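Structure, as structure tokens:
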Amino acid sequence: MSILDMKAGPPDYWSEVCNFFLPLKYLITNDRFDALVQNIDLHYLINAVFWIFVALSCGFYGFQRVFQFFLKSSNVKYFKRKQFARLIWNIAFNSACCLFLHFYNEFMILPHLMKNQGRYSLFHSSDNLIFYRSHQYEKFQFYSIFIITFYLHGAMLDFKEADFLEAASKGLYLVALVAIDVYRYENYFVGLNLTLGLYSILAECLSLVALQNSNRNRLIYQIFMGMRIAAWVQVFINQLPFNYFIPTLFAKNFKLTLNVAIWLWYGLSIWNSPVLQYFYHQIYHTTPSDCSGEGSAAKCILLKDTSEYRHYKTLKRAYIEVKLAHEKATSNPLPVTESASAKTYQAIKCVMMLKRKLKRIREGRGAEPEDDTEELSGDS
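Each residue of the sequence shown is one higher than the last, beginning at 102 in this note's numbering.
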């Protein structure tokens, strides 16, 4: 390039950032990659889903154990460590996924759309390019199967945590992604996952920061809740229905499976929205022990009610009851009656049961004895 071809003005920083990811462009557009994925069949896809699921499960388990080991030396309580590790895991995968989908859209999809613009008139009222059918179906399946398996793994984790509503939502979204994959709507798949991936990154970053804040910072929780609700309204009310769902419903080539799956998932997403969660909290969570928010609607929306937290709340309630029973039994200077003796015996029995339960928790989770005692006595 000669000096006459150089542009005047400040440097284009976005071009510099794109040049940093040129190896990714080479990987996406390389002919060897096309030759690698051209022989994909149904048997290959089933095996790929299985082995990717096994790899994700093993990777997540190892990542969680290592992360919990390093969190032992921090001030993060033991019932928050699994949630902390999963948030980091989801943020890392969604970030890598969004980065790949963005450059795949730039290098592979947009050139074809610009070349064939006007040929995909599948929406009655206007030309809509979300129904662009992939001409490189093998390459589309190669990366879509990773995203589909990730949501399958997430649904299994939510089901294990007894979060059945979130597991059902991921299951319906999984069916919708499979339908999009079968119909080869590559631009639909990339745009939908890119939008939801960016929203998931923002929501989980807010939950991650809220997980480390103390209960005294009520204003910070409220600000984070406002950001979460605003992001949800922007994505699920302003973007997804008008850009994807309504065009899918009125497309010339009506796809029943895709419409049923996508609209059922959208309805479940509305039901599980932070707006309805706020009203649900105000109506049903009347005491601080009813949810993970401890009386705060913002904290209830931002933090999930995990099984570890429910176990911790049960243990804390049992500790307070034993402590009150012990104080009541020792407050009487002359416990000579049978009722006083029975109460003392019951208090001692509860203390022994609590000690055995704490011992089982320490052996199962690896929590330190000093930490458990300090957390229970500090919270009470």
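From the three backbone atoms N, C-alpha and C, an ideal C-beta is built for every residue, glycine too.
Keep in mind it's a predicted model, so treat the numbers as computed, not measured.
Using a threshold of 8 Å, state whether the C-beta atoms of residue i and residue j are closer than that.
i    : j    : result
L258 : L403 : no
L350 : N360 : yes
A419 : A448 : no
L273 : Q184 : no
N195 : I302 : yes
E262 : S408 : yes
S397 : Y322 : yes
H254 : F154 : yes
A280 : A362 : yes
R285 : Y238 : yes
L459 : V423 : no
L299 : C199 : yes
F265 : Y410 : no
H412 : C401 : no
F325 : A399 : yes
L341 : T296 : yes
K271 : A256 : yes
W485 : F171 : Given that the chain is displayed from residue 102 to residue 481, the structure contains no residue 485 and the question cannot be resolved.
For residue i, which of the options has the nearest alpha-carbon?
i    : options                   : result
Y252 : E262, A263, L278 and L230 : L278
H213 : S235, F355 and A331       : S235
R187 : N318, R166, E239 and V376 : R166
L369 : A193, A268 and Q242       : A268
L146 : Y322, Q242, G160 and N206 : Q242
N294 : C392, F337 and L309       : F337
I231 : Q383, H254, V291 and L459 : V291
T388 : I363, W364, K414 and V376 : K414
F247 : L365, W152 and Y379       : W152
I330 : K178, T358 and Q378       : Q378
F346 : F161, Y367 and W333       : Y367
T250 : A156, Y238 and L299       : A156
E207 : C159, S174, E287 and I189 : E287
P375 : N354, E395 and K405       : K405
A426 : K450, H412 and L416       : K450
L245 : Y233, V283, L211 and F260 : Before going on, a small fix: residue 245 reads as Ser here, not Leu. Residue V283 is the option with its Cα nearest to S245.
L357 : R457, S174, S158 and V276 : V276
L309 : H382, I210 and A193       : A193
R457 : L416, E428 and K173       : L416
W333 : L320, F355, I371 and P348 : I371
Got a sec, what are the start and stop residues for the alpha helix (DSSP H) residue i sits in?
i    : result
H213 : L211 to K216
H332 : The sequence shown places Ala at residue 332, not His. Taken as a continuous stretch (DSSP letters only), the alpha helix (DSSP H) holding A332 covers R319 to V334.
V182 : Looking at the sequence provided, one finds Arg at residue 182 rather than Val. R182 -> alpha helix (DSSP H) spans Y179 to Y205.
I338 : I338 -> no alpha helix (DSSP H), and no H or E assigned at all.
I347 : I347 to L350
Please confirm whether residue i has its beta-carbon closer than 8 Å to some beta-carbon of chain C.
i    : result
A193 : Of the chains in the structure shown, none is chain C; there is only one protein chain.
At what residue ranges does the segment 359-440 contain a whole run of the alpha helix (DSSP H), taking only runs of 4 or more?
Counting only runs of 4 or more, we get 375-385, 398-403 and 408-432.
My parser needs the alpha helix (DSSP H) runs of 4 or more residues fully inside the segment 243-297; what are they?
Within the segment 243-297, the complete alpha helix (DSSP H) segments of 4 residues or longer fall at 265-284, listed in chain order.
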